[in-house]
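In my numbering, the protein residues as written are 205 to 314.
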């Protein structure tokens with residue numbers, strides 16, 4: 205399973221994790237696909253203290269990520285970036301598995 209975090213995204217994730225007190229060395233970013241949005245699926249990012257049984261554990265640009273078996277089928281090959289523009293700043297997902305998406309970019313179909 206391949207999941208890539210760009211350097212700008214990794215920097216934001218590391219800043220956020222550094223602000224969380226008491227995180228163990230086993231902590232990482234849980235990247236999930238959950239039902240929702242107008243196109244069917246949405247991305248979810250959460251800091252977790254450790255991986256769960258059967259998780260894929262991926263490292264990219266110094267960020268440890270946990271991906272569950274369900275989400276893995278939709279996240280293989282995804283690039284997570286962090287962008288800043290006139291609309292604001294936030295994480296973006298380039299997903300080669302997506303067959304469509306909504307106009308606002310917050311959900312996708314696969």
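For each residue, glycine too, the CB sits at the ideal point set by N, CA and C.
Check	Outcome
What first and last residue would you give for the beta strand (DSSP E) that runs through residue 298?	292-298
Based on Cα-Cα distance, which residue from 285, 286, 281, 292 lies nearest to residue 301?	281
Exposed or buried, what is residue 248 when buried is set at 16 or more other beta-carbons lying within 10 Å of its beta-carbon?	exposed
So which of 272, 234, 228, 264 has the shortest CA-CA distance to residue 214?	264
List the whole-angstrom C-beta distance separating residue 253 from residue 270, where the pair is believed to meet the contact cut-off of C-beta under 8 Å.	No, residue 253 and residue 270 are not in contact; Cβ-Cβ is about 10 Å, not under 8 Å.
If you drop the 5 nearest sequence neighbours on each side, which residues of the same chain put their C-beta closer than 6 Å to that of residue 268?	232
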